[in-house]
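Student:
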Amino acid sequence: MSGLSRLEKTLHRLQAQQACLAFAFDEIAGRPGPVVELGLGLGRTFDHLRRHLPDREIHVFDRVNGAYVDCQPDPSLLHLGEIEQTLPPLASRLAGTVVLANSDLGSHDRELNRVVAAMSARLLPPLMAPRGIIMSDLPLELDGFETVPLPPGAREGRYYLYRRGG
Ligand SMILES: C[S@@+](CC[C@H](N)C(=O)[O-])C[C@H]1O[C@@H](n2cnc3c(N)ncnc32)[C@H](O)[C@@H]1O
Numbered sequence: 000m001s002g003l004s005r006l007e008k009t010l011h012r013l014q015a016q017q018a019c020l021a022f023a024f025d026e027i028a029g030r031p032g033p034v035v036e037l038g039l040g041l042g043r044t045f046d047h048l049r050r051h052l053p054d055r056e057i058h059v060f061d062r063v064n065g066a067y068v069d070c071q072p073d074p075s076l077l078h079l080g081e082i083e084q085t086l087p088p089l090a091s092r093l094a095g096t097v098v099l100a101n102s103d104l105g106s107h108d109r110e111l112n113r114v115v116a117a118m119s120a121r122l123l124p125p126l127m128a129p130r131g132i133i134m135s136d137l138p139l140e141l142d143g144f145e146t147v148p149l150p151p152g153a154r155e156g157r158y159y160l161y162r163r164g165g
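Those letters in the sequence shown? Residues 0 to 165, by our numbering.
1. If you compare alpha carbons, which of Glu155, Val115, Arg30 is closest to Ser106?
2. Can you name, in chain order, every residue of its own chain whose Cβ lies under 7 Å from the Cβ of Ser119, other than the five neighbours on each side?
3. Can you tell me whether Arg163 is buried or exposed, with buried defined as 16 or more other CB within 10 angstroms of its CB?
4. Please determine, among Ala15, Leu89, Leu39, Ala21, the residue with the shortest C-alpha to C-alpha distance to Tyr159.
5. How would you label Ala28, buried or exposed, when you count the other beta carbons within 10 angstroms and need 16 or more for buried?
6. Anyone know if the C-beta pair for Val34 and Leu13 falls short of 8 Å?
7. Figure out for me which residue from Leu39, Glu56, Asp108, Asp69 has the closest Cα to the Cα of Glu81.
8. To which residues of the same chain is Leu99 closer than 6 Å at the C-beta, ignoring the five residues directly before and after it?
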């Protein structure tokens with residue numbers, strides 16, 4: 000058995016996610032541009048994004064809509080299906096404009112995690128604005144991005160932050 004219980008791991012992941020989101024909100028303040036959420040899930044992070052960024056266009060991606068009824072994205076900005084299929088048609092419209100992307104696609108399947116991390120690392124960079132922030136629940140290999148130290152409240156390895164070069 001490893002040192003941490005599942006409960007503690009989940010708690011640390013959510014704390015890191017919240018701290019990284021708070022950091023990202025400050026980073027992008029005053030800079031126009033849309034936001035991308037990969038992984039609607041139950042809609043928890045989407046709900047947080049829309050409350051803190053009420054004037055932003057938030058594009059949300061998932062294969063299905065399993066979000067709480069009170070966490071539903073604008074249908075015109077909800078892209079349902081495999082991200083490999085649904086994101087590329089938007090790529091030219093969003094190219095170089097996205098100020099914040101949250102890739103929250105991980106599961107308990109290590110092989111699938113490797114696949115989705117590679118997908119995010121391939122599809123997100125062309126969308127990002129200069130100094131745009133990518134947050135991820137999985138480590139990403141991103142050319143042209145610096146790794147940003149995690150903010151206070153986020154434990155190493157529980158979430159990942161990257162900033163595109165200016
Ligand atoms: C960890 S959950 C997201 C949690 C969510 N951000 C929240 O706060 O409630 C991961 C989601 O990613 C979606 N997902 C994973 N791989 C995907 C893919 N290749 N295409 C579309 N959706 C994917 C799953 O359907 C799942 O809903």
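All C-beta atoms, glycine included, are put in the ideal place defined by N, C-alpha and C.
Tutor: Taking the coordinates as given:
1. Position 107 of the sequence shown, counting from 1, holds the residue named residue 106. Selected option, being the one with the closest Cα: Val115.
2. Taking the sequence shown and counting its residues from 1, the one referred to as residue 119 is at position 120. Here Ser119 has Leu37, Ser102, Leu104, Ser135, Leu139 as same chain residues with Cβ atoms under 7 Å from its own Cβ, once five neighbours each way along the sequence are excluded.
3. The residue given as residue 163 occupies position 164 in the sequence shown. The Cβ neighbour count for Arg163, taken over all protein chains shown within 10 Å, is at least 16; the residue is labelled buried.
4. The count along the sequence shown starts at 1 and reaches residue 159 at position 160. Nearest neighbour of Tyr159 by Cα position, chosen from Ala15, Leu89, Leu39, Ala21, turns out to be Ala15.
5. Numbered from its first residue, the sequence shown carries residue 28 at position 29. Flag for Ala28 reads exposed.
6. Residue numbering aside, residue 34 sits at position 35 when the sequence shown is read from its first letter. Residue numbering aside, residue 13 sits at position 14 when the sequence shown is read from its first letter. No, they are not a contact pair.
7. Sequence index remark: in the sequence shown, residue 81 carries index 82 (1-based). With respect to the C-alpha of Glu81, the residue from Leu39, Glu56, Asp108, Asp69 having the closest C-alpha is Leu39.
8. Sequence index remark: in the sequence shown, residue 99 carries index 100 (1-based). Ala23, Ile27, Val34, Ile132, listed in sequence order.
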